[in-house]
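Each remark here refers to the structure printed beneath this line.
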Amino acid sequence: MIPPPSTPRFLALLYLLPVIPLLGPLPEKLKSSPSAHGVLLDRHGKELTHFPREDYFRHKPASLEEIPDHLIRATLAAEDKRFFDHPGIDYLASARALYKNTNNNRVTSGASTITQQLIKISTPKKKRTPSKKLSEIMLARRLETRWSKDQILTAYLNRLDYGSHRQGCAEAARYFFKKPLTDLSLAEAALLAALPQAPSRLNPRRNPQAALERRNWILDRLAFEFDYPSSQVEIAKSEPLQLANLRAKNPIPHLSNRFSEGAQLSIDSDLQRKTHDILGEELSKLNQKNVQHGAIVVIENATGEILAFHGSSDFESSNSGQVNGALSQRSAGSTLKPFTYALAFQNQGLYPGTIIADIPTDYQTEEGLDAPKNFDRRHHGPVSIRNALGGSLNVSAMRMLNQLGGPEPLHTLLNKLDLNLSLETAEYGLGLTIGNAEVSLLSLTNAYATIARLGEHFPPSLIHGSETNSIYPLSPEACFLITHILSDNQARAGAFGNDSILRLPFRCAVKTGTSSDFRDNWCLGFTGNFTVGVWVGNFDNTPMAGISGVTGAGPIFHRTMLALHQEQEPTFPSMPNSLTRISVDERTGHFYPIPPKKGTPYHKLELCPKERLPLPVTNQDYHRDKRALLSLDYAEWFQSDDNIRSHAFALSDSRPLTNLSLKFLTPLPGATYYLDPELPGNTGQLKLGANLKNVIWASNSLKISGEQVTLTPGIHQLKLTHPETRQTILCEFTVEEL
Numbered sequence: 034m035i036p037p038p039s040t041p042r043f044l045a046l047l048y049l050l051p052v053i054p055l056l057g058p059l060p061e062k063l064k065s066s067p068s069a070h071g072v073l074l075d076r077h078g079k080e081l082t083h084f085p086r087e088d089y090f091r092h093k094p095a096s097l098e099e100i101p102d103h104l105i106r107a108t109l110a111a112e113d114k115r116f117f118d119h120p121g122i123d124y125l126a127s128a129r130a131l132y133k134n135t136n137n138n139r140v141t142s143g144a145s146t147i148t149q150q151l152i153k154i155s156t157p158k159k160k161r162t163p164s165k166k167l168s169e170i171m172l173a174r175r176l177e178t179r180w181s182k183d184q185i186l187t188a189y190l191n192r193l194d195y196g197s198h199r200q201g202c203a204e205a206a207r208y209f210f211k212k213p214l215t216d217l218s219l220a221e222a223a224l225l226a227a228l229p230q231a232p233s234r235l236n237p238r239r240n241p242q243a244a245l246e247r248r249n250w251i252l253d254r255l256a257f258e259f260d261y262p263s264s265q266v267e268i269a270k271s272e273p274l275q276l277a278n279l280r281a282k283n284p285i286p287h288l289s290n291r292f293s294e295g296a297q298l299s300i301d302s303d304l305q306r307k308t309h310d311i312l313g314e315e316l317s318k319l320n321q322k323n324v325q326h327g328a329i330v331v332i333e334n335a336t337g338e339i340l341a342f343h344g345s346s347d348f349e350s351s352n353s354g355q356v357n358g359a360l361s362q363r364s365a366g367s368t369l370k371p372f373t374y375a376l377a378f379q380n381q382g383l384y385p386g387t388i389i390a391d392i393p394t395d396y397q398t399e400e401g402l403d404a405p406k407n408f409d410r411r412h413h414g415p416v417s418i419r420n421a422l423g424g425s426l427n428v429s430a431m432r433m434l435n436q437l438g439g440p441e442p443l444h445t446l447l448n449k450l451d452l453n454l455s456l457e458t459a460e461y462g463l464g465l466t467i468g469n470a471e472v473s474l475l476s477l478t479n480a481y482a483t484i485a486r487l488g489e490h491f492p493p494s495l496i497h498g499s500e501t502n503s504i505y506p507l508s509p510e511a512c513f514l515i516t517h518i519l520s521d522n523q524a525r526a527g528a529f530g531n532d533s534i535l536r537l538p539f540r541c542a543v544k545t546g547t548s549s550d551f552r553d554n555w556c557l558g559f560t561g562n563f564t565v566g567v568w569v570g571n572f573d574n575t576p577m578a579g580i581s582g583v584t585g586a587g588p589i590f591h592r593t594m595l596a597l598h599q600e601q602e603p604t605f606p607s608m609p610n611s612l613t614r615i616s617v618d619e620r621t622g623h624f625y626p627i628p629p630k631k632g633t634p635y636h637k638l639e640l641c642p643k644e645r646l647p648l649p650v651t652n653q654d655y656h657r658d659k660r661a662l663l664s665l666d667y668a669e670w671f672q673s674d675d676n677i678r679s680h681a682f683a684l685s686d687s688r689p690l691t692n693l694s695l696k697f698l699t700p701l702p703g704a705t706y707y708l709d710p711e712l713p714g715n716t717g718q719l720k721l722g723a724n725l726k727n728v729i730w731a732s733n734s735l736k737i738s739g740e741q742v743t744l745t746p747g748i749h750q751l752k753l754t755h756p757e758t759r760q761t762i763l764c765e766f767t768v769e770e771l
């Protein structure tokens, strides 16, 4: 027989009974908020895409201040109308539920408060037993003594399961309505409040009628329990169910795996979606021309940040959709020609009006003689650099690269621009300028952005606000002259017509390119604000059916540029003060010291460096009938069917070409010379040498006497000028002591 407890101990236990539930810890899950799903943000802080949690739920936290009163009251009306009045257990509701369930011999009514439900979803799931229910009641009382009602309500609304793997009211509002909580209407708030009771059965996408019935019941409860005006409730009940479009495809599928969650990318999500639509729509128009794939890159010039990036038009397509066309190495076509001419402007003192010979020319290669052809299979005779680049003439570009000393200068420049050419210079030969190298769309677009920035080069960035270091591989003058040519619709007209897709309602520099057999085509260009690059082709390298850069990539480029400048006024790079406008004869490239009379034939205004004016116009430039004289180098062309300008030119048996190929022999560009102090009589003298006579030598860092230069340790630059042609080239070399 167990003895009865002593009276004092029994009374103490009796007094402690109400306190016992308040002692002890709270559930572990309540000690921390639910973890948010990982996200990648765009440049404006908008969510681009997400990384699901291990339980596959998506969650976005919300503070009480962010949760609208409509949603709070709708939730209270649906789940716990006396929440602010009870201590965690609603005794009235419990008594009512017990009475109903007893009379019906089954559970037909529940009485769990919001506090009890919060405990339930914060503790491990177990079989429902009386002891588990008692434990939840005790924990609910304990929670009410330690947390405020606002804390409990906030935690509850952040932990509720709203269906479709969405946890918390903020994520539910984004998923179902694509809205922040503060923008929810009364009807939308009531619908969200309806879902936690049965998230699957009441899913408005699968069972809209059931969801609406539950929503309207909650709206009626708001009128009854919280005195909402009946007119307001009726308007809300009549509101149709308008769910957000489920277009939840990842807008950056080629980029997502490259970044950890929480990163803020440089991508503009609105532009990314616009350009995705543009790419898909334009490619669909080219299906019958065997065009399957395309890629787009958009760069903000000032920062180098990538605003839009598409490696393909449909990442989920079984037809190579996951291939990243923006990073794939593809044949460059004519897109490298601007860099050849930029070197000519920078290193040889030429200008857009300089005349080059677009005439039949053979080059010796390892495979034998190579005779380049233009796209139109014609030769154009004497052409200005402006028209040669504007018309994308192959023969002129190769002659210009040959005049620069071969492919080495261009190869070096392209690697400085991070185009990362995979072969040695000799393997490309002069064909480098017309596109026998492979480059990626991203690196090529950024190289064009360097021209737009007038020579300032830095890597493109996918991280918003990142900083980088700049180099200046090209001069501002050379870049602006290229920019001026590429934005000259008239210079393009001969090859592309006056109404091509390359024309925009604002000033825009643009260049197209097409590889051999129509396997790749490109369209790249820029305003002062943005640079856009587009590639179109087939990932399996099959040829397209006669699609060029104008007809393939051009329309995509055009629409993208228009989209970029819908809300931002287009700007254009500013002309450097070191350039000036001069009057020239466009047939010879020589300038008029005194501008001729208005209406003078072949007179044209052209841009030129102030310190490198071309030769002046003289009577020796012309035949007695005022036609411009050509050297005998043009004889074959002059007598061919390609010559449609006999009225403007005449042959001369004595006139030399004015574009002489001036080269350094000593010192060699890029070389290092060593001074040995132990050699007797070593005065550091070096004899200068060039391939032409009567040249002028100059240096800002070295003493020159005649054709002798006195070397001193350091990095030096020499300038070599031909007095007749005004051609100027530069040479940088290093002197070190042993």
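Counting with the working numbering, you get residues 34 to 771 for the letters of the sequence shown. No residue lacks a Cβ here, since even glycine has one placed at the ideal position from N, Cα and C. None of these values were measured; they are calculated from a predicted model.
Residue i vs residue j beta-carbon contact at 8 angstroms
| i | j | result |
| --- | --- | --- |
| G313 | Q760 | no |
| S367 | T547 | yes |
| P371 | I484 | yes |
| G587 | I627 | no |
| G717 | I388 | no |
| P649 | F624 | yes |
| K752 | A723 | no |
| E169 | K153 | yes |
| P492 | L463 | no |
| L744 | Y706 | yes |
| L474 | G582 | no |
Residue i, buried or exposed, once every other Cβ within 10 Å from all chains shown has been counted against 16
| i | result |
| --- | --- |
| R479 | Before going further, note that residue 479 is Asn rather than Arg in the sequence given. Buried is the call here. |
| F513 | buried |
| N278 | exposed |
| L342 | Looking at the sequence itself, residue 342 is Phe, so the reference to Leu does not match. Counting Cβ neighbours within 10 Å, F342 comes out buried, since at least 16 surround it. |
| G558 | buried |
| A404 | exposed |
| N334 | buried |
| A668 | exposed |
| L167 | exposed |
| L698 | exposed |
| Y635 | exposed |
| T308 | buried |
The ligand ATP heavy atom lying under 7 angstroms from the CB of residue i
| i | result |
| --- | --- |
| G717 | The ligand ATP is not part of the structure shown, which contains no ligands of any sort. |
Given residue i as reference, the closest of the options once Cα atoms are compared
| i | options | result |
| --- | --- | --- |
| I762 | P702, I737, T743 | P702 |
| S455 | K159, T547, S361, A485 | S361 |
| S494 | S65, R76, P58 | R76 |
| D102 | E460, E221, P286 | E221 |
| F116 | I100, E87, Q149 | Q149 |
| S345 | P284, T373, Y396 | P284 |
| F572 | Y706, S351, D260 | S351 |
| K544 | N574, H591, K282, P538 | H591 |
| D666 | E349, R432, A528, G747 | R432 |
| T70 | I185, E99, E98, A203 | Note on residue identity: the sequence assigns His, not Thr, to residue 70. Out of I185, E99, E98, A203, A203 has the C-alpha closest to the C-alpha of H70. |
| T336 | A482, A223, L708 | A482 |
Contacting residues, own chain, Cβ-Cβ under 8 angstroms from residue i (five flanking each side not counted)
| i | result |
| --- | --- |
| R614 | L638, E639, L640, C641 |
| A27 | Within the shown structure, residues of the chain are numbered from 34 to 771, placing residue 27 beyond reach of any answer. |
| P756 | N727, V728, I729 |
| A741 | Residue identity differs from the one stated: residue 741 is Gln in this sequence, not Ala. Here the set comprises Q718, L719, K720, L721. |
| R540 | S520, T560, P603, F605 |
| L612 | E510, F513, L514, L640, C641, P642, K643 |
Chain-order list of residues whose beta-carbon lies under 6 angstroms from that of residue i (same chain, five-residue window excluded)
| i | result |
| --- | --- |
| D550 | P576 |
| L437 | L376 |
| L193 | P229 |
Cβ shell of residue i (< 7 angstroms), same chain only, five flanking positions each side left out
| i | result |
| --- | --- |
| R536 | N522 |
| N676 | G414, W670 |
Q: Specify whether the region 245–264 and the region 108–122 touch according to this definition: at least 3 beta carbon pairs, one from each stretch, less than 8 angstroms apart.
A: yes
Q: Specify whether the region 587–601 and the region 552–572 touch according to this definition: at least 3 beta carbon pairs, one from each stretch, less than 8 angstroms apart.
A: Touching, yes, given that three or more Cβ pairs across the two stretches are closer than 8 angstroms.
Q | Given 8 angstroms, three or more beta-carbon pairs between the region 436–451 and the region 294–302 | A | no
Q: Decide yes or no for the touch test of the region 166–179 against the region 118–126: beta carbon pairs closer than 8 angstroms, at least 3 of them.
A: Pairwise C-beta distances place the region 166–179 in contact with the region 118–126, as three or more of them are shorter than 8 angstroms.
**Q.** Segment contact, 8 angstroms Cβ cut-off, at least three pairs: the region 260–276 with the region 58–67
**A.** no
**Q.** Stretch-stretch touch, CB-based, cutoff 8 angstroms, three pairs: the region 465–480 with the region 500–515
**A.** Too few Cβ pairs lie closer than 8 angstroms, so no.
Q: Would you be able to state if there are at least three C-beta pairs under 8 angstroms between the region 76–90 and the region 184–192?
A: no
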